[in-house]
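So the structure is just underneath, and the comments pick up after that.
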Amino acid sequence: MSVRSQPRQLVWVTLVIVAVLGLQVAAVAGSVSSLFWPFTDYPMYREAHHEGETLHDYLVVARLDDGTERRVGRKDFNLNVWQFQKEVLQPMTRRQVADEDRARLRRAVELFEAKHARRIVALRLEDRPHVLSRRGVQAAPERIVGRFDRDFWSLDR
Amino acid sequence: MRRLWGAWRAYWFRPEPVFNLAVCRILLVWIHLTHLLGWNAHQSFAIRAQLPHTLYDPLPVLRLLTLPWGFAGWGSLLDGAWGFRPTVGVLDAVYWVTVVAGVLALIGLRTNVSLLAFTLGNLFMQGYLYSFNDSHHSYNALFITLLLLALGPSGGALSVDAVRHRLREAGATGRLAGPSALKERSAFARWPLLLVRWVLALVYLSAGLHKLLTGGLAWMNGYTLQYYLYRDGVRWGNGLGIWLSQQHELCAVLAGGSLLLELLFPLVLIWPRLAWVILPAGAAMHAGIYWTMSVGFYRQIATYAVFIPWTQGLRALARRFAWAGGRARPEVLYDGHCPLCRRSMALLRWADWFDQLRYTDVEAGWARIAQQHPGLSREACLRDMHVVLPGGSVRAGFFAYRAILRHTPLLWPLRLLMYLPMASVVGPRVYAFIASRRPRVEPCAAAHCEAASSPGFLPRPVPAEGLGWPRWVLGGIGVLPLVLWGAMAWCAIERPDWFLAWTREDGWVESSQVVGWLVAAWLSWRIARHARRLGLRRGALLYGAAAVGLLWIAGEEVSWGQRLLHLPTPAWMAAHNLQQELTIHNIGTLAPSLRWWASLGVAGASALSALAWMVRPAWMRRPHSALWVAHPILWPSLISVLGYWGLRRFTPGLSGMEELRQAVSGRLPELFELMLALATVLFLAVVLQQVRGRLTSAAPVRAQARVLRPASLALVGLLGIALWLRLERLGKPSFDIDEYLHVFAAQSLNATGRPTLPSGADYTRALPHTWLVAESFRWFGVSEASARLPGVLLDLGSVLVLFLMARRWFGTAAALVAAGALALSPWWIQAARTSRMYSLFHLLYLIAGWALWQALEGSRGIRRLAWAALALAVFALALRTHTLAMVLGAAAGLFVIGMALATRARRYVALALLGLTAVGAAVSAGWMNPQRLWETVNSAPVWSQGSRYAWGYYLRELWPTYPLWVVLYPLALWGLWKRSRTLAWCFICLGLAPFALHSVIFDAKRLRYVLYLLPWFLLAVAPLVAGWLRGVLALRPGWRLAIGVASVAVIGHAWLWQVPRVTEEFPSPPWRDAYGWLRARLAPEDAIVTSMPLATQYYLGRPASYVMNNVHLQGVLATRRRAADGARLDGYAGRPMLTTLEELKRALASHPRGWILIDRGRFQTKTMTRPMLTYITERLEPVDAPAAARGANPVLIYRWDHQAPVRVARRAEELGG
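Keeping their order, the protein sequence lines are chains F and H. When the letters of the first sequence are read in order and numbered with the working numbering, they come out as residues 1 to 157. When the letters of the second sequence are read in order and numbered with the working numbering, they come out as residues 158 to 1374.
Written as structure tokens, this is what we have:
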């Protein structure tokens, strides 16, 4: 089949080629994650890390209304790893907490309470850090990052 | 240009085997289909369905796929609220449709459609799953590949479609339909695979560049990979990853290799052989990532299939195993007059990938067969298929098939079947049973055969009959009315505000009706004349009368008699006419019955025409039938007229809004009249075409649609991209300071006829732009997007004018370069996206310059006068738009004087002009105030004082943003000078001289002030760049591509570099978001202090209490009014101004509660005094409002509350003291 015999198709295909390349370039140049999906940018794992840097391994502990404490994970909130990171861990680890962070945590707590029919009174974030070194990744002393009571995420605050 | 186009075609559309495409299709569909079948889709959907709606933020692709549900304006297609969320049931249905489509795509049945459905289904499902703040990359390359395969001829081989095509061809024509599947080539088989390679290269390159630009070379230090390995290893419980994270040196080596691989991946586009190294390395990298970090990109590995030359590989394999070539081939003898035999041979031919067999039609080649194989009889060969094997032995019937299969590896599984026990007994019987019942057809005449071989049973498409129009015109006639009706109906239901705005009195719908009826009258008149020449007297008479009637209807629409003659509306008419006008069709009781009878006529005419076209009675062949019978192509337009009656009963979007529903219902007749006018015009156009065709007795039938020339196509594409770049999220940013002036002035213009600001002052600066904004508001309602739309359209006009100018002077290639650079310039785009006079002024300056050139040098005689008149008119309009237009006068004078000096005979003209200029200046000085003129030209606001008298300001600014142009411009002017000194002088006068004026004389220096000169720079540089491109195209492909990639990188860099500067030049504070946030917290008695009172008025709907912006005390809007208590009033909104700390304290003390809103760009000492600044930051509580803290220039919010002693600790005394 020759392109000469199908000039109109040639024109359409040319437009498609330009559009596809344009979308991919726009996605990369604009660093937009989802606007042109499935044409996206690939910025993952781009940051460099150095010797002595700390790796955080967070653990969330919930105090329930009956006074008991339990470790809670992403499945307790019906969230996947990434959603758990965004909805639960980020609000608790941010230095300057915004209203949006509180709303996210509130949303997550509501998911937990809907799933378990239990009320969370407070949350505690613990960290089991590790440090990068030439000899490998070495464990560092554990610490409590913060305690968060209901006022933190409550609408009434 | 032609060479460029030729190179493009040679690169993308070189014929290649469709087999490669088919293998990729099967492989990728198979991989993903197995994944789908093993995936518990219902459970995944059900889990997402439980998530709260606040988490649901659908990706744009999902919004597109769920249209029209959830649509809430064009902006909503990209982000924001979306009213539709698919239920689990819908998703389950999509899943099963996708699976079925996948199966069809796999076997290649209706390949393009099924593969497209498969891809869209997957995009829908995966898009939904990614619409909960959780999107990933692992499917991207696969989906893009599937989409492109769906658009290419991927069903041309290894598919049911290909087999069906061969069978149909063989059965109908006797031809065995081309070469084997492996050899089938198409010019459209290359681009999908090549495009996927490009996308993959861009993907890897972007990943590598991100690492290099963000992490630098330190990314390869080993610690980085240790970090990621350990983090993901712990996250996913991957022991191998944790172990590897302890190996520092190994991590450093692996990180270096990965980065190198990503950065070098694009080289496979230039040197395809590198794929043998890069692809295994890439696959190893992804496998390693999967094993150590549990991140699965195996689908991306599957897309590497596009790099593999499957056809060549199979051929090599065949040669290796001696399946093909170098041996004598068996000869198959078949009955060419037997359709079944031909189809069997076609199947064999398709499966014979390596050309192992020869095929001979016994009827056609019997003479040769008899000569070579004297032992064979013709009757036996016609009765049973025969195969002559290389050794000379002959097999017949079932055993012939068995022998054939030995030579076709693809059919070897069937061979097993034929060697089953008892196969030798059963097989011949089955063969004999079928062979004895097969039909035979005798040879026939060519014409008869052609008719018999028609593959379908449908009659020839009726719409093209006798019209002689190209398909796109016919398609337009068929589709346009329905699209228009659909769009209007959608607006009536979903966007009643638009509908009401469009159908208002003297709106565009009514204007279109008038134009339609006038066109219809003209067409009717022309038909009457042609009918008379054809001897159709009755027809001529009736169409002549119809022309008069249609003219009358057009007049009725605008009631022109009344308007022209200024007749008063009689009392009876005023009482009974719906619009209180002197028209018949709007008389209360008559209007509905007119619509009813018109509809009945349309319906009756449609039905009778349909009947006539189906029955085709003898009178249909007479010439006069064309005058009365509606052509089938018109049926959609007739149906769209009748759609009015359905729409009257269908306004679900307006339920519960009775008043609005009634308003829309009242305007629906306008839609009816619009569609009726359109249908009439189309009917008459078709009749005229038919009559003309019969008049000439040879209607010119165009066998092929006119091919768009590549340059036109490129221009259309360019304009499309330019339009998208300018329209994209046009309404999203809040208005910036200068935009409010036009917005409020335009609203006032519409309401009162005067461009007045809320302060009561008239805003007459750039009045033409305000008119355009006002008109846009009337058509599209008041919004950010509609205010900015005129600028966008004018800017596109500039691109188009620039293209035309460049094409006239330097040819098409240079025109495309110039227009492309202008269309993609971030500065230019941003100026177009601002509701300000710049786009209008840019266009006017360009047109005025061109007209000036044409008047002085480019034309002769009466045309010269016309161009001069145009130049003057545009100059006057430009002057009304921006005082900078005076530059054009200076440039024109300079040009004329220069040209006169250069011509010996005209030197006296130059002297006369110089003398006139001097006299003019002297006289002007007498009655004008030169000091005032100088101040006007040099009015420098305080914010620009830092750059006053900096002569090198523009060069300093332009060098990093347009380095190419700065370097190329002198070269271009030099080249132009050698080519045409007149043209070069024109460019110097219109481009370089104003630039010098701006640099040296004008005080106010901002890049936006010299943007209007950019087209002149581009015009000069474009031929140089175009010439360079031609040189590049003459190079070898590898170099060509390398230079092309490098150029794109350099230009892209220059392009991207400008974006932050543009943001800096046009900062737009998020006032809408800030006030949206504040609205929920604002009490009616709260005071508002702001730097932007018009923003408060626009977005909050109430005036600000105080204005705190000392810049308002200067410049064109310096306030001269004072309130009763002596306070100064702001020139924009007429609100009291706070100019000192004491005034601020008094204001805070006099209100128990209030808010201060200032954008960060104005939170500085130019806007307020330093004590005020310090007081606000130290004494008031900053409010954390996320909505206001966006963008380069966020809105800062402070509040005071005397009743809140703890949260806001400032008491009234303290604030007051």
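We treat Cβ as the ideally placed atom computed from N, Cα and C, and that holds for glycine.
Per DSSP, what are the beta-bridge partners of residue i in this structure?
i, result
"H/Ala-553", "H/His-543"
"H/Glu-1014", "In the DSSP output, where bridge partners are listed per residue, H/Glu-1014 has none listed."
"H/Ile-136", "The structure shown does not extend to residue 136 of chain H, since chain H is modelled only from 158 through 1374, so no value can be given for it."
"H/Ala-1244", "H/Gly-1311"
"H/Tyr-385", "BP columns for H/Tyr-385 are empty, so no partner."
"H/Leu-436", "Its beta-bridge partners do not exist; DSSP assigns none."
Which residues of chain A have a Cβ atom closer than 9 Å to the Cβ of residue i, listed in chain order?
i, result
"H/Pro-209", "Structure shown: chain A not included; protein chains present are F and H."
Quick check on DSSP: helix, strand or coil for residue i?
i, result
"F/Leu-59", "strand"
"H/Ser-343", "strand"
"H/His-199", "helix"
"F/Asp-203", "Shown here, chain F extends from 1 to 157; a query on residue 203 of chain F therefore has no answer."
"H/Tyr-1355", "strand"
"H/Trp-1234", "helix"
"H/Gly-522", "helix"
"H/Tyr-1263", "strand"
"F/Thr-14", "helix"
"F/Val-145", "strand"
"H/Val-672", "helix"
"F/Ala-122", "strand"
"H/Glu-1335", "helix"
"H/Ser-750", "helix"
"F/Leu-51", "Position check: residue 51 of chain F holds Glu in this sequence, whereas Leu was assumed. In this structure, F/Glu-51 counts as coil in the three-state DSSP scheme."
"H/Glu-885", "coil"
"F/Gln-138", "strand"
"H/Pro-727", "coil"
"H/Met-579", "coil"
Run down chain F in chain order and give the residues with a C-beta less than 8 Å from the C-beta of residue i.
i, result
"H/Gln-383", "His-49, Leu-132, Gly-136 and Val-137"
"H/Arg-388", "Leu-55"
Under 8 Å between beta-carbons, which chain H residues line up against residue i? List them in chain order, please.
i, result
"F/Gln-9", "Phe-345"
"F/Glu-53", "Tyr-380 and Tyr-384"
"F/Gln-90", "By Cβ distance, chain H contributes nothing, its closest Cβ being about 11 Å from F/Gln-90, past 8 Å."
"F/Asp-151", "The premise fails here: F/Asp-151 is roughly 14 Å from chain H at the closest Cβ pair, so nothing lies under 8 Å."
Could you list which residues in chain H have their beta carbon closer than 7 Å to that of residue i, in chain order?
i, result
"F/Thr-40", "His-294 and Asn-297"
"F/Gly-146", "The contacting residues do not exist; F/Gly-146 stays about 18 Å from chain H at best."
Got a sec: does the ligand HEM put a non-hydrogen atom nearer than 7 Å to the Cβ of residue i?
i, result
"H/Gln-529", "The model depicted lacks the ligand HEM and carries no ligand whatsoever."
So, using beta-carbon positions, are residue i and residue j closer together than 8 Å?
i, j, result
"H/Met-1294", "H/Val-1264", "yes"
"H/Ala-944", "H/Phe-960", "no"
"H/Leu-272", "H/Ala-307", "yes"
"H/Pro-1339", "H/Pro-1226", "no"
"H/His-899", "H/Val-873", "no"
"H/Thr-1038", "H/His-1155", "no"
"H/Val-356", "H/Ala-298", "yes"
"H/Thr-1297", "H/Thr-1331", "no"
"H/Leu-216", "H/Tyr-287", "yes"
"F/Gly-22", "H/Ile-301", "no"
"H/Ala-704", "H/Ser-681", "yes"
Determine the chain F residues that contact residue i at a beta-carbon separation under 7 Å, and present them in chain order.
i, result
"H/Arg-392", "Val-81"
"H/Ile-458", "By Cβ distance, chain F contributes nothing, its closest Cβ being about 15 Å from H/Ile-458, past 7 Å."
"H/His-367", "Tyr-42, Pro-43 and Arg-46"
Pick out the complete alpha helix (DSSP H) segments inside the region 242-315 of chain H, 4 residues or longer, and give them in chain order. Taking only runs of at least 4 residues, the alpha helix (DSSP H) segments lying wholly in the region 242-315 of chain H are 245-264, 268-286 and 297-308.
field: Every unbroken beta strand (DSSP E) inside the region 167-244 of chain H [3 residues or more]
entry: With a minimum length of 3 residues, no continuous beta strand (DSSP E) run stays inside the region 167-244 of chain H.
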